[in-house]
Amino acid sequence: MYLNTLLEVRDLRVYFYTYAGVVRAVDGVSFSVRKGEILCIVGETGCGKSVMSRALTRMVKPPGRIVSGEVLFDGIDLLKLPEKELKKIRGREISYVYQDPGSVLDPLYTAGFHVAETVLTHNSSMKFNEVWGKAIRIFREVLIPDPEAKAKSYPHELSGGMKQRVVIATAIANTPKLIIADEPTTALDVTVQAQVMELIRSLKNKYNSSVMLITHNLGVVAEVCDRVIVMYAGKIVEVALVEELFTNPLHPYTQGLLEAVPNPLRKVERLRSIHGSVPNMIDLPEGCRFNPRCPHKLQLCNKEPELVEYSKDHLVSCWLYKR
Amino acid sequence: MSATKVVLKVKNLRKWFPVKGVFFTKGFVKAVDGVSFEAYEETTLAIVGESGCGKTTLARLILRLIEPDEGSIIYNGVDVMKLSGKKLMEFRRKTGIVFQDPYSSLNPRMTIYEILKEPLETHGMLKEIDINEYLVKLLEKVGLQKEHLYRYPHEFSGGQRQRIAIARALALSPELVVLDEPTSSLDVSVQAQMLNMLRDIQAADKLTYIFITHDLGIVRYLAHYVAVMYLGKIVEYGPVEEVFEKPLHPYTKVLLSAVPIPDPSIARSRARIKVIGEPPSPLNPPLGCRFHPRCPYALSDCSRREMSLVEVEKRHLVSCILYS
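These protein sequence lines map, in sequence, to chains A and B. My numbering numbers the first residue of the first sequence as 3 and each following residue consecutively. My numbering numbers the first residue of the second sequence as 69 and each following residue consecutively.
In structure tokens, the structure reads:
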């Protein structure tokens, strides 16, 4: 464990027991989040990135179940903590920002109340007036114009970007050590997306928090992240610092992904696409899960590769790099 | 692109949707408000803009799926607005559309065979062709096989469904295909397959595409011409390379500088033009230039004068006071 490690996940497995079979949504994932970094989790739909982020504070609903693993946060295993203790961490030490701000905010309460409630839950000795004042200060911090008036308005009176700022305000209300942002800008327009990303980055610097950013947009990854984890079908295939990942991608899936995204600032003659489609999570291919789509398939690929260190801070799970 | 023949010419198209109050109409959503452009033969015209700028309404207007309030649509020299009966059928045969969401655009109770056969039946083309052979060829064109013919839509993934929707649009061998965000619900690896396929089909069948999207990367990759929309109006129109290398309208500049670039060395070193606020509601768009409240280069006159598109360079048009 590094000195500057905030959160360490070891061999996390989350399975969903459905009628059709067992969905191994997260299958043996190990990684760490360092203090003060923005860590991106990238992957396509259904690769388990959202489920994994929720499992960190045990927010998996049946038929899903955390089968095994450890989540060490400041040395405490969150998966073994009693629910009462975990509630003190959720929302105070670790907070979440979700994709769709419209469904996160309760339409019956004002925007300011959402923030005030979060503060009050973890500081029950505070008076409501103090808490309301704090909510308005936080609103100012997330750059909501006219915070006094906006705190009294209801979610339906706010635009999409404003709502997401309110959600971010609730997430930072208790100055958490870790903010988990699950596709925070997917529902927003590009110009607003840039504003929100900028906000998340400046808040992270101000509070020296860590951010775990879940996204499928490689552009967002390149813009804001420090380190990147690439997931495919419930497994981590590659971990690297962002410049390293974009200049020297190792895993064939990462390579394919990077070449499949059209870049608006550069004309390419032809995009390289990854052949085939994401496997059915109930009936996964044997061995490496990418092998049916992989252009460099070897005999060995029928066995499962491990995530190994290729160079400093660069891990890959592929037989091509087995030495 | 050397092709210069104008296939589609849209002039001053307008569509306002009324917002009903209890007794009176409260106002209008000015979804498309005076849009003019041209599309050239065998090229792709991309229409880009943020959500709510009227791109989808425009797509439907072009094919007369909804009736415009005003304006004209000239297709190969014929005014589409004046067509009816057989002539209108003929126009419908020559045009196709692919919708954004492949989950709601395919009837769940019909097999793929029935879905693809329906347009042929409607246009009375079953007599001329061997239906089975024709449909298998059609499926192969979009990367599916003949065993897929008798399955239902729920048996396919999102990417495959979109292939079926594309096959349906191509069933009548159209000349003009409108693609309304065909890849926005797909994953990147599947999206790349789809974009390559669309490009190959265009080259093979000599199609003209109108491609509606909000993804500037796709525009750069696929399109020859681009029209940038903001709140129901086209603010800039021109050849893709020119618009991306030398954007003229402040909104185009802002859009290009806000879009995340999948390359950290560029993404972190480029200068950003910051823009304040969010797109206003199309119900009460700002007076004058619609972008002026957010524009970093706004002049005092911008709130008073509404500009129209002016040709600055050959086929490069912009609607901004700075270039008048």
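By construction, the Cβ of each residue, glycine as well, lies at the ideal position given by its N, Cα and C atoms. Computed from a predicted model, the values in this text were never measured in an experiment.
Answer yes or no: does any C-beta atom of chain B fall closer than 9 angstroms to that of P266 of chain A?
Sequence index remark: in the first sequence, residue 266 of chain A carries index 264 (1-based). For P266 of chain A, the answer is yes, since a Cβ of chain B falls inside 9 angstroms of its Cβ.
Taking C-beta pairs closer than 7 angstroms, name the residues in chain B that R272 of chain A reaches, listed in chain order.
Your numbering for residue 272 of chain A matches position 270 in the first sequence. By Cβ distance, chain B contributes N264.
Leaving out five residues on either side along the sequence, give the residues of the same chain with a beta carbon under 7 angstroms from the beta carbon of L205 of chain A.
One-based indexing of the first sequence puts residue 205 of chain A at position 203. Counting only Cβ-Cβ distances below 7 angstroms, and skipping sequence neighbours, we find I174.
In the region 13-29 of chain A, which residues sit with their C-beta less than 7 angstroms from some C-beta in chain B, listed in chain order?
The region 13-29 of chain A vs chain B, Cβ under 7 angstroms: nothing.
Once you ignore the five residues that flank Q168 of chain B on each side, which residues in its own chain have a CB closer than 8 angstroms to its CB?
Position 100 of the second sequence, counted from the first residue, corresponds to residue 168 of chain B. Non-local C-beta neighbours of Q168 of chain B in its own chain, meaning closer than 8 angstroms and more than five positions away in sequence, comprise T124, D248, E249, P250, S252 and S253, ordered along the chain.
By Cβ distance, which residues of its chain are closer than 8 angstroms to V75 of chain B, with the 5 residues on each side in sequence left out?
Indexing the second sequence from 1 puts residue 75 of chain B at position 7. If we look at V75 of chain B and ignore the five residues flanking it on each side, its Cβ neighbours are A107, Y108, E109, Y143, N144, E243, L244 and T276.
Taking just the CA atoms, how far does V192 of chain A sit from R67 of chain A?
As a first step, residue 67 of chain A must be located in the first sequence, where it is residue number 65. As a first step, residue 192 of chain A must be located in the first sequence, where it is residue number 190. Rounded to whole angstroms, R67 of chain A to V192 of chain A spans 36 angstroms at the Cα level.
Taking the alpha helix (DSSP H) that A137 of chain A belongs to, which residues open and close that run?
Within the first sequence, numbered from 1, the residue matching residue 137 of chain A stands at position 135. A137 of chain A -> alpha helix (DSSP H) spans F130 to E143.
Buried or exposed for E379 of chain B, please, with buried defined as at least 16 other CB atoms from any protein chain shown within 10 angstroms of its CB.
Within the second sequence, the letter at position 311 stands for residue 379 of chain B. Counting the other CB atoms within 10 Å of its CB gives E379 of chain B a total below 16, which places it among the exposed residues.
Under the three-state DSSP convention, the category K314 of chain A falls into
If you number the first sequence from 1, residue 314 of chain A lands on position 312. DSSP places K314 of chain A outside both helix and strand once states are collapsed to three, so it counts as coil.
Contact between the region 182-199 of chain A and the region 160-168 of chain A: three or more CB pairs below 8 angstroms?
Contact between the region 182-199 of chain A and the region 160-168 of chain A is present, because at least three Cβ pairs lie under 8 angstroms.
For the region 84-91 of chain A against the region 269-276 of chain A, do three or more pairs of beta-carbon atoms, one drawn from each stretch, fall closer than 8 angstroms, so that the two count as touching?
The region 84-91 of chain A vs the region 269-276 of chain A: no contact.
Tell me whether H216 of chain B sits in a helix, a strand or coil according to DSSP, three-state version.
Indexing the second sequence from 1 puts residue 216 of chain B at position 148. In the three-state scheme derived from DSSP, where H, G and I count as helix and E and B as strand, H216 of chain B is classed as helix.
Interface flag, M54 of chain A vs chain B, CB-CB below 9 angstroms
By one-based count along the first sequence, residue 54 of chain A stands at place 52. Closer than 9 angstroms: no.
Cβ of L14 of chain A within 9 angstroms of Cβ of M214 of chain A?
To locate residue 14 of chain A, count along the first sequence from 1; it is residue 12. To locate residue 214 of chain A, count along the first sequence from 1; it is residue 212. Contact flag unset, no.
Taking all protein chains shown into account, decide if G192 of chain B is buried (16 or more other Cβ within 10 angstroms of its Cβ) or exposed.
Position 124 of the second sequence, counting from 1, holds the residue named residue 192 of chain B. Exposed.
Kindly list, in the order they appear in chain B, the residues whose Cβ is closer than 7 angstroms to that of V244 of chain A.
For the purposes of this step, residue 244 of chain A is taken as residue 242 along the first sequence, with counting starting at 1. Against V244 of chain A, the close residues of chain B are P332, in the order they occur along the chain (beta-carbon pairs closer than 7 angstroms).
Cross-strand partners of T281 of chain B (DSSP beta bridge):
Residue 281 of chain B sits at position 213 when you count from the first residue of the second sequence. T281 of chain B is bridged by DSSP to B:V116.
Following the continuous beta strand (DSSP E) through G66 of chain A, name the residue where it begins and the one where it ends.
Translated into positions along the first sequence, residue 66 of chain A becomes position 64. Note, G66 of chain A: beta strand (DSSP E), G66 to F75.
Under three-state DSSP, which class holds R12 of chain A?
As a working mapping, residue 12 of chain A is identified with position 10 in the first sequence. If DSSP states are grouped into helix, strand and coil, R12 of chain A belongs with the strands.
Chain B beta carbons: is any one of them nearer than 9 angstroms to that of S279 of chain A?
Start at 1 with the first residue of the first sequence, and residue 279 of chain A comes out as number 277. Yes, S279 of chain A counts as interfacial toward chain B.
How big is the Cα-Cα spacing for C388 of chain B and M375 of chain B?
Position 320 of the second sequence, counted from the start, is the residue given in the question as residue 388 of chain B. Position 307 of the second sequence, counted from the start, is the residue given in the question as residue 375 of chain B. If I take the Cα positions, the gap works out to 6 angstroms.
Just list the residues that DSSP pairs A262 of chain A with in beta bridges.
Position 260 of the first sequence, counted from the first residue, corresponds to residue 262 of chain A. Note: A262 of chain A sits in no beta bridge, so no partner.
Assign T20 of chain A to buried or exposed, taking buried as 16 or more other Cβ atoms, counted over all protein chains shown, within 10 Å of its Cβ.
Mapped onto the first sequence, residue 20 of chain A falls at position 18. So T20 of chain A ends up on the exposed side.
Skipping 5 residues on each side, what residues in its chain have a beta carbon closer than 7 angstroms to that of V100 of chain B?
Position 32 of the second sequence holds residue 100 of chain B. Non-local beta-carbon contacts of V100 of chain B in its own chain, meaning distances under 7 angstroms to residues more than five positions away in sequence, involve L81, R82, K83, G122, T125, L126, L129 and G300 in chain order.
Near N210 of chain A, which residues of its chain fall below 8 angstroms by C-beta distance, leaving aside the five closest residues on each side in sequence?
For the purposes of this step, residue 210 of chain A is taken as the residue at position 208 of the first sequence. If we look at N210 of chain A and ignore the five residues flanking it on each side, its Cβ neighbours are K37 and G38.
Determine the direct distance from the alpha carbon of R160 of chain B to that of P354 of chain B, and round the result to whole angstroms.
For the purposes of this step, residue 354 of chain B is taken as the residue at position 286 of the second sequence. For the purposes of this step, residue 160 of chain B is taken as the residue at position 92 of the second sequence. Answer to the nearest angstrom: the Cα atoms are 37 angstroms apart.
Is the CB-CB distance between H30 of chain B and E309 of chain B below 9 angstroms?
Beyond the ends of chain B as shown, which are 69 and 392, falls residue 30 of chain B; an answer cannot be given.
Taking beta-carbon pairs under 7 angstroms, can you tell me which members of the region 219-230 of chain A lie near chain B?
Cβ contacts with chain B come from N219, L220, G221, V222, A224 and E225.
Where does F359 of chain B land, buried or exposed, given buried means 16+ other C-beta within 10 angstroms?
Counting from one through the second sequence, the residue named residue 359 of chain B turns up at place 291. Buried, because 16 or more other Cβ atoms sit within 10 Å of the Cβ of F359 of chain B.
Using 8 angstroms for Cβ pairs, my map puts I180 of chain B next to I234 of chain B. What's the rounded Cβ distance?
Position 112 of the second sequence, counting from 1, holds the residue named residue 180 of chain B. Position 166 of the second sequence, counting from 1, holds the residue named residue 234 of chain B. At roughly 12 angstroms, the Cβ-Cβ gap does not stay under 8 angstroms, so I180 of chain B and I234 of chain B are not in contact.
Buried or exposed: Y312 of chain A, going by 16 or more other Cβ atoms within 10 Å of its Cβ?
Locating residue 312 of chain A in the first sequence gives position 310, counting from the first residue. Y312 of chain A comes out buried.
What's the C-alpha gap between V223 of chain A and V148 of chain B?
For this step, residue 223 of chain A is matched to residue 221 along the first sequence. For this step, residue 148 of chain B is matched to residue 80 along the second sequence. Between V223 of chain A and V148 of chain B, the C-alpha separation is close to 46 angstroms.
Nonlocal neighbours in the same chain, by C-beta distance under 8 angstroms from S212 of chain A, ignoring five residues either side
Counting from 1 along the first sequence, the entry for residue 212 of chain A is found at position 210. So the list reads L8, L9, V35, R36, K37, G38, E39, I40, L41, K179, L180, I181 and K206, once near-sequence residues are dropped.
Using 9 angstroms as the limit for Cβ to Cβ distance, is K51 of chain A near chain B?
The residue given as residue 51 of chain A occupies position 49 in the first sequence. Against chain B, the CB of K51 of chain A has no partner CB under 9 angstroms away; the residue lies outside that interface.
The alpha helix (DSSP H) enclosing N207 of chain A, as first and last residue numbers
Working through the first sequence from its first residue, we reach residue 207 of chain A at position 205. N207 of chain A -> alpha helix (DSSP H) spans V192 to Y209.
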